[in-house]
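Inspection log for the structure reproduced underneath, given as structure tokens.
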Amino acid sequence: MTAGLSVIGKNTLAALAALGRVVLFALATLRHMVSGPFYLRELWVALIQIGWLSLPVVGLTALFTGGALALQIYAGGARFNAEAVVPSIVAIGMTRELGPVLGGLMVAARVASSVAAEIGTMKVTEQIDALVTLSTNPMKYLTVPRVVAATLAVPLLVAVGDAIGIMGGYLVGISRLGFNEAAYIKNTVDFLEHWDILSGMIKGAVFGFIVSLMGCYYGMNSGRGAQGVGAATKSAVVAASVLILAANYVLTEVFFSA
Amino acid sequence: MIELQNVHKSFGSNHVLRGVDVSVNKGKSLVIIGGSGTGKSVTIKCILGLVKPDQGTIFVDGQDVNSAERDAFLARFGMLFQGGALFDSLTIWQNVAFRLLRGRLKKPQDEARAIAIEKLRRVGLKADVADKFPAELSGGMQKRVGLARAIAAEPEIIFFDEPTTGLDPIMSGVINDLIREIVVEMGATAITITHDMSSVRAIADQVAMLHEGKIRWSGSIKDMDQSGDPFLSQFINGRADGPIEAVR
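Here the protein sequences come in this chain order: U and S.
First residue of the first sequence? That's 602 in the working numbering, and the numbers climb one at a time after it.
First residue of the second sequence? That's 80 in the working numbering, and the numbers climb one at a time after it.
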């Protein structure tokens, strides 16, 4: 009985300590973000890596999701003769929820893993120590550019994903569900509000911050050897994914609960 | 002058440094020897501030390293890491000129590149390696690039972490000679950690032996062979039996 309780207690304390370390890391990142020196070349490289090179995976995810969403809403809507809602619900569903969440998760899989593995390997091979001896702060040189890049790039990825997802719904709508092309687009535009798009992009910024932060945090705290880097990579992806879903709930509550 | 007084450091229950006292005068070359896991690397990392000692003080030219301004302090150091620790996303010349491309020592790109190529030449590498990436070079060449990077900004104090580990005997000899030449011509203070006795004899003015977290013996290289210390004698002669347990 007491043994069981002590296991629960130990794990709770460990979890709280880990949370504390992540929060301190996030605060340190924010602090280094506002004080120089700034490494613009690193930022540019990170923007390409995180933003531009994630476009295909985010685009494909959005395309198929938009298509499936159209089919589901059509089938659901048919139960109470409301098939006409397909264009507007696809648009709202993509912009508010699926664009940011699925885009965020795909970026988590792609970026949190590569950032954690890269920084973890740098740590294991003493490159992080080498940075310090070369008068360069690893937080400013490695973490800040990646976190800033993801925070800027993911909202744009979400916007592109929104458009492609709506396009996916449109293609399924006109080819499989018998919608008129012009009516589908008119319905999408008429019912979509600025806030639908903007709220999704704000979510994207938060998710981007989370993804890069987790990648950097687990990379910087990587254990030794290949196993250490492997564990850091796995933890970064898992933590980023779970935190994205949790943050999504909180943001949705803040933005949309009446 | 670098001086460590009663430096302690533990990692969890592992009490690595248990009161290290050692000093090296300006322009001299100190070699710290000792078995694997005796805390040689931790000692150097403490001086650089990469690891914070639990107890004790470290002075560089009379100034406590904890109170020194970090950037100015680190600008005086160069370090050659065991595995080279070259940045694999940067080309060789960008690695060597890393310090000259950013921060307070920033120079125009052409000038930084010229200095990098000059330093590469100093360590025996031709200009055609400048635009390669670290992964394209052999271990010995990477070590030389690491050495060129360590001396690129003309540091006053240079640390060498196991400079010959993983190299063949001839390449080890080349690196040892380079280190000796460079330290002498730059007038730099050097601390080297190694367990390669050929390095010790080539590089050292002074030798200190670390055993169980303390300095077991220290003195001039001339006195090393006649020290009469059974621990040091076992180590420098590489004997399996003696006061140091072979299985640790």
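Note that CB positions come from ideal geometry on N, CA and C, so glycine has one too.
- Per the coordinates, the alpha-carbon of V755 (chain U) lies some 38 Å from the alpha-carbon of V208 (chain S).
- Shortest Cα-Cα distance from S168 (chain S) to any of U:A685, U:R711 and U:I720 involves U:I720.
- Between L204 (chain S) and the set S:A227, S:L153 and S:R183, the nearest pair of CA atoms involves S:A227.
- Using beta-carbon distances, A619 (chain U) does not count as an interface residue toward chain S, since no partner is under 8 Å.
- No Cβ-Cβ contact shorter than 8 Å links L199 (chain S) with A232 (chain S).
- Remark: C-beta atoms of V103 (chain S) and I294 (chain S) do not approach each other more closely than 8 Å.
- Counting the other Cβ atoms within 10 Å of the Cβ of Y742 (chain U) gives 16 or more, which makes it buried.
- Excluding residues up to 5 positions away in sequence, F808 and I845 lie with their Cβ nearer than 6 Å to the Cβ of G705 (chain U) in the same chain.
- Residue state for S800 (chain U) is assigned as helix, using DSSP reduced to three classes.
- Taken in chain order, the complete alpha helix (DSSP H) segments of 4 residues or longer contained in the stretch 627 to 675 of chain U are 641 to 647.
- For E719 (chain U), the enclosing alpha helix (DSSP H) starts and ends at S714 to V725.
- V624 (chain U) sits in a helix when the DSSP states are folded into three classes.
- Residues of chain U whose Cβ lies closer than 7 Å to the Cβ of F156 (chain S) are, in chain order, T734.
- Here the C-alpha atom of M634 (chain U) lies approximately 18 Å from the C-alpha atom of D150 (chain S).
- Within chain S, the residues whose beta carbon sits less than 7 Å from that of T726 (chain U) are G162 and A164, listed in sequence order.
- Taking all protein chains shown into account, S636 (chain U) has fewer than 16 neighbouring C-beta atoms within 10 Å of its C-beta and is therefore exposed.
- Secondary structure at V95 (chain S): strand, using DSSP grouped into helix, strand and coil.
- Using a CB distance cut-off of 8 Å, A731 (chain U) counts as an interface residue toward chain S.
- According to the DSSP assignment, F310 (chain S) belongs to the alpha helix (DSSP H) that extends over P309 to N316.
- Q134 (chain S) has its alpha-carbon roughly 49 Å from the corresponding atom of V702 (chain U).
- Taking 8 Å as the threshold, the shortest C-beta distance from R181 (chain S) to chain U falls below it.
- By the Cβ rule, the stretch 726 to 735 of chain U counts as touching the stretch 162 to 176 of chain S, because three or more pairs are nearer than 8 Å.
- Going by C-alpha positions, M815 (chain U) is about 14 Å away from A806 (chain U).
- For I237 (chain S), the uninterrupted beta strand (DSSP E) run begins and ends at I236 to D240, by DSSP.
- Around the C-beta of H795 (chain U), fewer than 16 other C-beta atoms lie within 10 Å, and the residue is accordingly described as exposed.
- With respect to T273 (chain S), P242 (chain S) sits close: the two C-beta atoms are nearer than 8 Å.
- T744 (chain U) is outside the set of residues whose beta carbon lies under 8 Å from a beta carbon in chain S.
- Straight-line measurement puts the Cα of V686 (chain U) at about 10 Å from the Cα of A679 (chain U).
- Below the 9 Å Cβ cutoff, chain U contributes L735, S736 and T737 as neighbours of R178 (chain S), in chain order.
- Around the beta carbon of E197 (chain S), fewer than 16 other beta carbons sit within 10 angstroms, so the residue counts as exposed.
- When C-beta distances to chain U are compared with 9 Å, the residues of the stretch 120 to 140 of chain S below that value are K124, L127, G128 and L129, in chain order.
- With a contact defined as Cβ atoms closer than 8 Å, P746 (chain U) and A647 (chain U) qualify at about 5 Å.
- Distance from the CA of V202 (chain S) to the CA of R223 (chain S), rounded to the nearest whole angstrom, comes to 6 Å.
- One alpha carbon belongs to M220 (chain S), the other to S251 (chain S), and they sit about 12 Å apart.
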